[in-house]
Amino acid sequence: MAKQVVQLSQVIIRFAGDSGDGMQLTGDRFTSETAGLGNDLKTLPDFPAEIRAPAGTIPGVSAFQLHFADHAISTPGDAPDVLVAMNPAALKANLKLLRAGGTLIVNTDEFGKRAYEKVGYTANPLEDESLEGYNVIPIALTSMTVEALKDFDLSKKEAERAKNMFALGMLCWLYDRPSQGTIDFLTSKFGKKPEILKANIAAYEAGWSFGETTESFAVQYEVKPAPMPTGEYRNIHGNLALSLGLIAAGQLSDLPIFLGTYPITPASDILHELSKYKNFGITTFQAEDEIAGVTSAIGAAYGGALGITTTSGPGIALKSEAIGLGVMLELPLVIVDVQRGGPSTGLPTKTEQADLLQAMFGRNGEAPVPIVAPQSPSDCFFAAIEAARIAIEYRTPVFLLSDGYLANGSEPWLVPDTTTLAKIEPNFTTEPNHELPDGTKDFWPYLRDPETLARPWAVPGTKGLEHRIGGIEKADGAGGISYDPDNHDKMVRIRQAKVDAIARTIDPIVVDDPSGKARVLVIGWGSTFGPIGGACTLVRDAGLDVAQAHIRHLNPFPSNLGEVLAKYDRVIVPEMNLGQLNMLLRAKYLVDTVNYNQVRGLPFKTDELAGVITDVLKSL
Amino acid sequence: MTINDLPALSLVPKTDVTQSAKDFKSDQEVRWCPGCGDYSILSTVQGFMPELGLAKENIVFISGIGCSSRFPYYMNTYGLHSIHGRAPAIATGLSVSRPDLSVWVVTGDGDALSIGGNHLIHALRRNVNLKILLFNNRIYGLTKGQYSPTSEQGKITKSTPQGSVDYSFNPVSLALGAEATFVARSIDSDRKHLSSVLAAAAAHEGTALVEIYQNCNIFNDGAWEQLKDAETADDLLIKLVHGEPIRFGKDGNKGVVRTADGQVAIANVAEVGEDALLVHDAHREDPALAFALSRLSEVHTLADTPIGIFRDVKRPSYDRLVREQLDEAREKKGAGDLQALVRGNDTWLVG
Chain A
-2 MAKQVVQLSQ VIIRFAGDSG DGMQLTGDRF TSETAGLGND LKTLPDFPAE IRAPAGTIPG
58 VSAFQLHFAD HAISTPGDAP DVLVAMNPAA LKANLKLLRA GGTLIVNTDE FGKRAYEKVG
118 YTANPLEDES LEGYNVIPIA LTSMTVEALK DFDLSKKEAE RAKNMFALGM LCWLYDRPSQ
178 GTIDFLTSKF GKKPEILKAN IAAYEAGWSF GETTESFAVQ YEVKPAPMPT GEYRNIHGNL
238 ALSLGLIAAG QLSDLPIFLG TYPITPASDI LHELSKYKNF GITTFQAEDE IAGVTSAIGA
298 AYGGALGITT TSGPGIALKS EAIGLGVMLE LPLVIVDVQR GGPSTGLPTK TEQADLLQAM
358 FGRNGEAPVP IVAPQSPSDC FFAAIEAARI AIEYRTPVFL LSDGYLANGS EPWLVPDTTT
418 LAKIEPNFTT EPNHELPDGT KDFWPYLRDP ETLARPWAVP GTKGLEHRIG GIEKADGAGG
478 ISYDPDNHDK MVRIRQAKVD AIARTIDPIV VDDPSGKARV LVIGWGSTFG PIGGACTLVR
538 DAGLDVAQAH IRHLNPFPSN LGEVLAKYDR VIVPEMNLGQ LNMLLRAKYL VDTVNYNQVR
598 GLPFKTDELA GVITDVLKSL
Chain B
415 MTINDLPALS LVPKTDVTQS AKDFKSDQEV RWCPGCGDYS ILSTVQGFMP ELGLAKENIV
475 FISGIGCSSR FPYYMNTYGL HSIHGRAPAI ATGLSVSRPD LSVWVVTGDG DALSIGGNHL
535 IHALRRNVNL KILLFNNRIY GLTKGQYSPT SEQGKITKST PQGSVDYSFN PVSLALGAEA
595 TFVARSIDSD RKHLSSVLAA AAAHEGTALV EIYQNCNIFN DGAWEQLKDA ETADDLLIKL
655 VHGEPIRFGK DGNKGVVRTA DGQVAIANVA EVGEDALLVH DAHREDPALA FALSRLSEVH
715 TLADTPIGIF RDVKRPSYDR LVREQLDEAR EKKGAGDLQA LVRGNDTWLV G
């Protein structure tokens, strides 16, 4: 008999288990099926830096949170409605996140005495009263998986490994998610290992059937599709969107791409992605170190390629001198910083936005570098194109500041029509650009475009334009070495003016103020867009007025930013650092901002932020 | 020698004019100290360039920081004077993405072996199509006289008033240990020898490291003097010539032999006989013998110092292998379709 179907408007599920339990894969598959159903969704993978910390320990817990809804949502959710805990460590590490009265699905097979004592429980938490406030659903996931696979030619260990598929099947039944995508995925993953493939499918199906028949689940849930603009959608992670944006920039500028990089969490996926697409004219160079990553990209840019380097904060520190060289050489260079918790090694797999001032000022001398920051996983695509546009058209290094949350988080994305994307014009110089007093023509590598102040890009192989450039100060225009004091002062100002001039080509900042009556503006940058938006929605739902604006261009700022800030009685600046944008806004616009900061390696929670906003509103 | 015989340069456009050394002189005033060994190297390179017959605009000189690194400013080709130690990495990016260029790196003992050591060894092992000229004067010149990674132990300099305790690098040994496919050594003042080594380096596919003993007449004057002085040179210098017995000394009285334990040693030709001499084979795959030859020289006295080409073997350049993968990807998948890529394989329709 079919079970009753209950409609839900939104669900937050968190899968948690050992690093080796396949929680990220389980989360990814559930997300894929959810995306296909047309729900809006946001995801938050939360995994340790260690690849395989000792089994059953807190440091080894890997989690994946998914928020899906029948309406537009802005974050992966504050408190999960459902926690799937594959062992006592996962329970202990994640229980505090579960909302009061939430559903707790636990794998009882892993709750032996040794296992729960290992993480500090003195008694089995499933048997005492500690979980009374939750709807606990104890399920013998491991043994049921092994039982379901008993006819397969697999060791017990191999059979146990499929328990994540059992769990996935069970949850896919519970939330009425389709199965075909997962079966196709398994087929492509295990196609060459038919026994493993069949076992995984069998475990998935056993989980599904268990959900359908068990009395543990009284009802089945349904979350209807969210209303979204019509079109074709895909689910996308930030690092993938960023990679696709870089590839698009290569196509739009008709330049070959050269990526010089060194592996680092959480940026390495961009290298992995770009290395797959050599047929797009992309060369990926896994360098000997971070410095060689950026300098090889500068070398390629000198030769007329779109030079790109990708890294995280520690890598930027190593690349700083070379970025200064890029400023001096005035060559296009896209520097991707997927920020993570710092300083030093910090929290490699956690998110933070504390590299803003490093990007802004982290070089010797006056070395201005434009900065672009995406605001959501899919926005990484467009932000990457924008960073490349500025780099190519202004002949300058450009920072693209993503972060761990954007990199690994995912959301549905209306696939853009790439034919509508604006071309990027490299505008190579192929003829002499300067006339000597005697009428003969020569080439001045630092004779600038009067509008953009960009210098000519004449690449080796261009006859008659042979010239030398370098890190030493050069004479305005002619570009030869110059130690002249007035010339240096002039060149420093020109380089700054060139970066400032970019503001003329960037969109003015837009304020979201539905009532038009807000006296408080919340302004942020980067990945806090979703949480700030969610918080503003909560505040407005409570009948209060608040405005939101988000800065995409952090250097230079949009031309109208000062004017916008001046309109509000209070400006709140929430950041996942100790107030870096806040410092820049105060310094530039003399505005008395209120900053709100957390550096916990995790995105803001919307209810906390809503509380902060409400407190400020009430103080007026 | 024609350009088509040079696999390293087969993709570089040829010049359609007759070039002379003058064509390679830039309008920049040369600012090295009078008497610096760099002048003679510059003059030799400018004189040698026309031999290659390449389009001038397809030649690029890239340098790091140091006296030698000012070199690109004086060559009327494309040039990039970069930051300390990074020239091989910059040149790698350029060379890999532009097979139509002849890319030269000019560096010094501090630039290449100290701050830039990492980039140097990795360029060598990858076999990027670069010609690296390492000017070795065993001192830091531009920072005014500190010891360098090739300074001899005990060297008294501004930063080592009691003598350096650092053990020194032998650049040729280092390069051979770093899987280099071409390693040679020459001397700034020996125009003929240096030109011949440069010609072989240019012809080599992959990274060619040419160590050039260069005199810094301000901070380390006469560092290589015994090798240049006609009185002493014959007795100290071992000129390696591929295919010929390794013989040196006044009247060729000394030679190099292999010993029973597989090492090499200096022998008196009159005692061992000419047939016992080792015949130099620069094309030998195993680098052990070239390495053994590089170890003959004595750090302080410069006794038994080999010059010439230690090793010159064929291995596909990194550039070529990268290019082949790009070509293969295009052949198999066709030129990229951006819309299909952005769309991916897993989409759904709304509305």
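Here the protein sequences come in this chain order: A and B. So the first sequence is numbered by our numbering: it starts at -2 and just counts up by one. So the second sequence is numbered by our numbering: it starts at 415 and just counts up by one. For glycine and all other residues, C-beta sits at the position ideal for the given N, C-alpha and C.
Asked                                                                                                                       : Found
Test item: CB-CB of residue 464 (chain A) and residue 440 (chain A) under 7 Å                                               : yes
Distance between residue 533 (chain A) and residue 511 (chain A) (C-alpha atoms, nearest Å)                                 : 11 Å
Within the region 524 to 611 of chain B, ranges of the alpha helix (DSSP H) (whole runs, at least 4 residues)               : 531 to 540 and 585 to 591
The ligand ADP heavy atom lying under 6 Å from the CB of residue 572 (chain B)                                              : Absence of the ligand ADP from the depicted structure is noted, as is the absence of any ligand whatsoever, leaving it without description.
Pair within 7 Å by beta-carbon distance, residue 293 (chain A) and residue 521 (chain B)                                    : no
Continuous beta strand (DSSP E) assignments of at least 3 residues falling wholly in the region 490 to 524 of chain A       : 517 to 522
Neighbour list for residue 213 (chain A) in chain B, Cβ cutoff strictly below 7 Å                                           : Result: empty, since nearest Cβ-Cβ is about 31 Å, beyond 7 Å.
Near-chain A residues of the region 703 to 729 of chain B - C-beta to any C-beta below 9 Å                                  : none
Element boundaries [beta strand (DSSP E), containing residue 79 (chain A)]                                                  : 79 to 82
Below-7 Å beta-carbon distance, residue 511 (chain B) vs any chain A residue                                                : yes
Coil, strand or helix - residue 766 (chain B) by DSSP                                                                       : Any property of residue 766 (chain B) remains undetermined from this structure, which presents chain B solely from 415 to 765.
Residue 149 (chain A) (DSSP reduced to helix, strand or coil)                                                               : coil
For residue 454 (chain B) and residue 669 (chain B), the rounded distance between their alpha carbons                       : 30 Å
Given residue 348 (chain A) as reference, the closest of A:546, A:368, A:297 and A:523 once Cα atoms are compared           : A:523
Residue 506 (chain A), buried or exposed, once every other Cβ within 10 Å from all chains shown has been counted against 16 : buried
Limits of the unbroken alpha helix (DSSP H) element including residue 466 (chain A)                                         : Run containing residue 466 (chain A): none in the alpha helix (DSSP H); it sits in the beta strand (DSSP E), 465 to 467.
Reduced DSSP category for residue 473 (chain B) - H, G, I as helix; E, B as strand; rest coil                               : strand
Chain A contact residues for residue 514 (chain B), given Cβ-Cβ distances below 7 Å                                         : 458
Expected contact under 8 Å - CB spacing of residue 63 (chain A) and residue 100 (chain A) to nearest Å                      : Contact flag wrong, Cβ pair sits at about 14 Å.
Three-way DSSP call (helix, strand, coil) for residue 91 (chain A) in this model                                            : helix
The beta strand (DSSP E) enclosing residue 425 (chain A), as first and last residue numbers                                 : Careful: residue 425 (chain A) lies outside any beta strand (DSSP E) and carries neither H nor E.
Per-residue DSSP class, three states only, for residue 76 (chain A)                                                         : coil
From A:223, A:530 and A:499, residue whose alpha carbon lies closest to that of residue 509 (chain A)                       : A:530
Any 3 or more C-beta pairs closer than 8 Å across the region 327 to 347 of chain A and the region 257 to 265 of chain A     : yes
Among A:209, A:201 and A:277, nearest to residue 766 (chain B) - alpha-carbon criterion                                     : Residue 766 (chain B) lies beyond the stretch modelled for chain B, which goes from 415 to 765, so this question has no answer here.
As assigned by DSSP and simplified to three states, the class of residue 416 (chain B)                                      : Low confidence applies here, because residue 416 (chain B) scores a pLDDT of 45, under 50, leaving its location unreliable and the question unanswered by this model.
Closer than 7 Å to chain A by CB, residue 417 (chain B)                                                                     : In this prediction, residue 417 (chain B) has a pLDDT of 44, which is less than 50 and means its spatial position is unreliable; nothing more can be read from the coordinates.
Supposed contact pair residue 142 (chain A) and residue 82 (chain A) - C-beta distance, whole angstroms, cut 8 Å            : 16 Å between Cβ atoms; not a contact.
Neighbour flag for residue 531 (chain B) against chain A, beta carbons, 7 Å                                                 : no
Supposed contact pair residue 353 (chain A) and residue 545 (chain A) - C-beta distance, whole angstroms, cut 8 Å           : Residue 545 (chain A) to residue 353 (chain A), Cβ: 19 Å. No contact.
Residue 392 (chain A) versus residue 330 (chain A) - alpha carbon distance                                                  : 8 Å
Proximal chain A residues relative to residue 452 (chain B), where beta-carbon distance stays under 8 Å                     : Ordered by position in chain A, no residue passes the 8 Å Cβ test against residue 452 (chain B), which lies about 16 Å from the chain.
Per-residue contacts from residue 255 (chain A) into chain B (C-beta, under 8 Å)                                            : 507, 510 and 511
Any chain B beta carbon closer than 7 Å to residue 342 (chain A)                                                            : no
Spatial distance of residue 445 (chain A) from residue 441 (chain B) (CA atoms)                                             : 22 Å
Sheet register partners of residue 471 (chain A) (DSSP bridge)                                                              : A:478
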